[in-house]
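Protein chains in written order, with numbering that gives the first Met the number 0: chain A, 0 to 113; chain B, 0 to 405.
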Amino acid sequence: MSDEAKSAPRRAAGVLLLDAADTVVTATMRLKPGDEVVIDGAKVAIAEDVPIGFKLARRDLASGEKIVKWGAPIGSATAAIRAGTIVHVRNMTSDYLPTYTDEEGARFTKRTIS
Amino acid sequence: MRGWQRSDGRKGIRNTIVVAYLVECAHHVAREIVVPYRENDVHLIGFPGCYPNQYAYKIMSRLASHPNVGGVLLVSLGCESFDRRGLLEVARESGRPAETLVIQMEGGTRATVAQGRRIVERMRAELDAQVTVPMRTDELVVGTICGGSDATSGLTANPAMGRAFDRLIADGAACIFEETGELIGCERIMDDRALTPELGAEIVACVAKAARYYTTLGHGSFAPGNAEGGLTTQEEKSMGAYAKSGASPISGLLKPGDVPPAGGLYLLDVVPDGEVRFGFPNISDNAEIVELIACGAHVVLFSTGRGSVVGSAISPVIKVCANPETYRRLADDMDVDAGRILEGRGTLDAVGEEIYKLVLACGGGARTKSEAMGHQEFILTYKAFEPIGPSCLPLSAGGVRGAAHA
Chain A
0 MSDEAKSAPR
10 RAAGVLLLDA
20 ADTVVTATMR
30 LKPGDEVVID
40 GAKVAIAEDV
50 PIGFKLARRD
60 LASGEKIVKW
70 GAPIGSATAA
80 IRAGTIVHVR
90 NMTSDYLPTY
100 TDEEGARFTK
110 RTIS
Chain B
0 MRGWQRSDGR
10 KGIRNTIVVA
20 YLVECAHHVA
30 REIVVPYREN
40 DVHLIGFPGC
50 YPNQYAYKIM
60 SRLASHPNVG
70 GVLLVSLGCE
80 SFDRRGLLEV
90 ARESGRPAET
100 LVIQMEGGTR
110 ATVAQGRRIV
120 ERMRAELDAQ
130 VTVPMRTDEL
140 VVGTICGGSD
150 ATSGLTANPA
160 MGRAFDRLIA
170 DGAACIFEET
180 GELIGCERIM
190 DDRALTPELG
200 AEIVACVAKA
210 ARYYTTLGHG
220 SFAPGNAEGG
230 LTTQEEKSMG
240 AYAKSGASPI
250 SGLLKPGDVP
260 PAGGLYLLDV
270 VPDGEVRFGF
280 PNISDNAEIV
290 ELIACGAHVV
300 LFSTGRGSVV
310 GSAISPVIKV
320 CANPETYRRL
330 ADDMDVDAGR
340 ILEGRGTLDA
350 VGEEIYKLVL
360 ACGGGARTKS
370 EAMGHQEFIL
380 TYKAFEPIGP
390 SCLPLSAGGV
400 RGAAHA
């Protein structure tokens with residue numbers, strides 16, 4: 000984790016970047032369709048309801064790309080993800096263990112670390 | 000802080016009587032004994048199984064000699080396989096008043112409850128006459144756990160608790176974090192923080208064990224509520240949970256019931272060894288809290304985003320609420336509003352300082368929210384562990400804590 004992110008997480012209009020290496024930002028408040036957030040200096044329009052704590056793509060992400068948060072990989076994209084859209088069980092998966100949710104469309108993968 | 004001096008060198012911040020049932024068949028009788036004294040630091044603990052289990056015996060032994068425990072009453076049905084004589088011996092050798100009631104010998108439910116209450120009243124009077132002595136922060140053991148996590152847990156409450164941990168460790172306290180199954184994905188970072196390369200290798204191996212164990216069970220330590228709260232994968236939950244550990248070097252790897260030999264930061268390995276035998280490592284948060292307490296934790300810091308209301312028998316639980324929306328709904332149950340960080344009403348450092356001060360206040364006798372409301376949850380189930388390896392406690396050779404136990 001970079002020193003800058005450690006000492007002072009950056010708040011920019013409802014989203015938080017935790018580490019310079021991250022591919023996602025985190026919503027620090029509920030966002031609604033039509034809201035605008037600023038990610039890396041660029042205005043991004045929100046197209047869906049975003050609950051507090053949810054992840055948004057920091058930039059366009061390709062399917063298979065690592066999702067990085069806190070400077071650490073937390074899984075991989077299972078579809079192309081547009082900047083500013085929610086990154087969650089519908090479009091990313093664990094690289095370790097299956098995630099079980101109540102939502103349809105959740106993807107399960109299994110891999111053990113050695 | 001002031002504490003009750005115990006014969007093993009440790010000090011307690013509470014002087015609680017535990018009434019322990021040794022099989023589910025004695026649970027009701029033990030609970031009936033406790034009911035009139037719930038406001039008087041008389042707590043119910045126990046083990047439900049009739050079959051013997053070394054792990055459960057070790058945990059019960061550690062709890063019967065826990066620094067926060069002043070007296071022990073065992074309640075046995077009579078025919079279960081739990082070693083009640085051994086456990087009574089542990090409590091008595093530690094200098095605590097301790098008694099056993101066997102329901103089958105005592106004359107049944109009514110007679111045992113009446114006799115149990117007489118014993119509790121006598122013990123309570125004896126303990127209430129004991130005087131406290133000054134207690135330093137370096138005599139304190141603090142555990143941390145997260146439960147009902149959401150995506151705010153790793154942003155606010157967990158890193159704030161990590162900062163409180165760093166302060167406590169700087170003062171010489173021993174701090175314990177857990178759940179290796181919730182640290183899957185963080186093993187390499189923890190390896191770098193380990194005091195020795197050998198300890199680092201043990202940590203990596205124990206996380207790999209956790210991943211294998213959970214894979215066999217087909218289910219990680221990840222509940223649907225975690226996903227509803229914005230967490231997507233085990234690794235993400237892990238990184239958030241990992242923030243609880245703060246920034247201190249990792250001094251050792253413990254298994255449930257192992258008491259830290261000195262101050263510093265310790266990782267508790269809660270995943271059983273060997274083949275998968277008894278199901279999920281910890282079936283709910285309180286099972287982990289019991290294990291932290293069995294390691295000697297005087298206080299447990301509990302971070303929650305979705306909103307857990309639990310406390311614990313024996314050691315007070317400080318609830319740190321990560322999510323500002325949850326805090327507004329459940330303020331009565333929360334000791335700390337860490338979610339305010341997200342709303343720009345506080346910093347990680349300020350919340351960390353608040354938690355640090357609360358730990359010391361709690362050690363000085365202040366009641367936590369869950370404690371004041373009578374939360375005394377307790378759960379203990381079957382598990383199997385091998386003893387920790389020689390590389391797990393690099394400090395133990397020169398250990399300074401008088402309370403180190405075999």
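Even glycine gets a Cβ: it sits at the ideal position worked out from N, Cα and C.
Next item on the list: Compile a chain-ordered list of the residues in the segment 237-260 of chain B whose CB is closer than 7 angstroms to at least one CB of chain A.
Entry: For chain A, the residues of the segment 237-260 of chain B that bring a beta carbon within less than 7 angstroms of one of its beta carbons are Met238, in chain order.
Notebook entry, point to check: If you follow the beta strand (DSSP E) that Thr303/B is part of, which residue opens it and which one closes it?
Noted result: That run of the beta strand (DSSP E) goes 298-303.
Note to self: With distance defined between alpha-carbon atoms, name the residue in Ile354/B, Val270/B, Arg327/B nearest to Tyr54/B.
What the structure shows: Among Ile354/B, Val270/B, Arg327/B, the Cα nearest to that of Tyr54/B is on Val270/B.
Margin query: Let's test the definition: count the other Cβ atoms within 10 Å of the Cβ of Asp40/B and tell me whether it reaches 16, buried, or not, exposed.
Written below: Its Cβ being crowded by 16 or more others within 10 Å, Asp40/B is buried.
Next item on the list: Return the CA-CA distance between Ser244/B and Ala156/B, expressed in angstroms with no decimal places.
Entry: Cα to Cα, Ser244/B sits roughly 12 angstroms from Ala156/B.
Next item on the list: Please determine, among Ile44/B, Gly8/B, Ser6/B, Gly107/B, the residue with the shortest C-alpha to C-alpha distance to Thr15/B.
Entry: When each option's Cα is compared against that of Thr15/B, the closest is Ile44/B.
Item checked: Residue from Gly70/B, Trp3/B, Gly69/B, Gly85/B with nearest C-alpha to Leu470/B -> Given that chain B is displayed from residue 0 to residue 405, the structure contains no residue 470/B and the question cannot be resolved.
Margin query: By the three-class DSSP mapping on this structure, what secondary structure does Leu86/B have?
Written below: If DSSP states are grouped into helix, strand and coil, Leu86/B belongs with the helices.
Notebook entry, point to check: Does at least one heavy atom of the ligand NAD sit under 7 angstroms from the Cβ of Gly94/B?
Noted result: In the structure shown, the ligand NAD is absent, as is every other ligand, since no ligand is present at all.
Check: Based on the DSSP secondary-structure assignment, which residues constitute the bridge partners of His27/B?
Finding: His27/B pairs with nothing; no bridge assigned.
Item checked: Tyr213/B burial status per 10 Å Cβ neighbour count (16 or more: buried) -> So Tyr213/B ends up on the buried side.
Item checked: Distance, Gly338/B Cα to Met0/B Cα -> So the two alpha carbons sit approximately 28 angstroms from each other.
Next item on the list: May I have the straight-line CA-CA distance separating Gly263/B from Thr143/B, to the nearest angstrom?
Entry: In this structure, the alpha-carbon of Gly263/B lies about 14 angstroms from that of Thr143/B.
Check: So what's Phe176/B in DSSP terms, helix, strand or just coil?
Finding: When secondary structure is reduced to three states using DSSP, Phe176/B falls in the strand class.
Notebook entry, point to check: Thinking C-beta only, is Val141/B closer than 8 angstroms to Leu182/B?
Noted result: No, they are not a contact pair.
Notebook entry, point to check: Under the DSSP definition of a beta bridge, which residues are partnered with Ala97/B?
Noted result: Ala97/B is bridged to Val71/B.
Notebook entry, point to check: Just how far apart, CA to CA, sit Asp191/B and Arg117/B?
Noted result: Cα to Cα, Asp191/B sits roughly 55 angstroms from Arg117/B.
Notebook entry, point to check: Hey, Val298/B and Ile288/B: beta-carbon distance below 8 angstroms or not?
Noted result: Going by C-beta atoms, Val298/B is not nearer than 8 angstroms to Ile288/B.
Next item on the list: Please look up how many angstroms separate the CB atoms of Val49/A and Ala26/A, rounded, as I've assumed it's under 8 angstroms.
Entry: Right, their Cβ atoms sit about 5 angstroms apart.
Next item on the list: Check whether the segment 244-260 of chain B touches the segment 95-112 of chain B, counting contact only when three or more Cβ pairs, one atom from each stretch, lie closer than 8 angstroms.
Entry: Short answer: they don't touch.
Note to self: Below 8 angstroms, how does it come out for the segment 61-71 of chain A and the segment 34-53 of chain A: are there three or more Cβ pairs, yes or no?
What the structure shows: Fewer than three pairs of CB atoms, one per stretch, sit closer than 8 angstroms, so the segment 61-71 of chain A makes no contact with the segment 34-53 of chain A.
Margin query: Between Glu352/B and chain A, is the shortest Cβ-Cβ distance under 8 angstroms, so that the two count as touching?
Written below: No - not a single Cβ of chain A is within 8 angstroms of the one on Glu352/B.
Item checked: Buried/exposed call for Glu274/B, threshold 16 Cβ in 10 Å -> Answer is exposed; the Cβ neighbour count stays below 16.
Next item on the list: From the DSSP output, in three-state form, read off Met91/A for me.
Entry: Three-state DSSP puts Met91/A in a strand.
Note to self: Would Val335/B and Val319/B be called neighbours here (beta carbons separated by less than 8 angstroms)?
What the structure shows: In this structure, Val319/B lies closer than 8 angstroms to Val335/B by Cβ.
Check: Using a beta-carbon distance below 8 angstroms, is Asn285/B in contact with chain A?
Finding: With respect to chain A, the C-beta atom of Asn285/B has no partner C-beta closer than 8 angstroms.
Check: Under the three-state reduction of DSSP, which class applies to Asp39/A: helix, strand or coil?
Finding: Coil, per DSSP.
Item checked: Closer than 8 angstroms at the beta carbon, the chain B residues around Gly74/A -> The answer, in chain order, is Thr231, Thr232, Glu234, Glu235.
Notebook entry, point to check: Taking contact to mean at least 3 C-beta pairs separated by less than 8 angstroms, is the segment 24-32 of chain B in contact with the segment 354-364 of chain B?
Noted result: Contact between the segment 24-32 of chain B and the segment 354-364 of chain B is absent: fewer than three C-beta pairs spanning the two stretches fall below 8 angstroms.
Check: In chain A, which residues lie less than 7 angstroms from Glu324/B when you measure between Cβ atoms?
Finding: What Glu324/B touches in chain A: Ile51.
Item checked: Beta-ladder partner(s) of Ala56/A, from DSSP -> In the DSSP assignment, Ala56/A forms a beta bridge with Val23/A.
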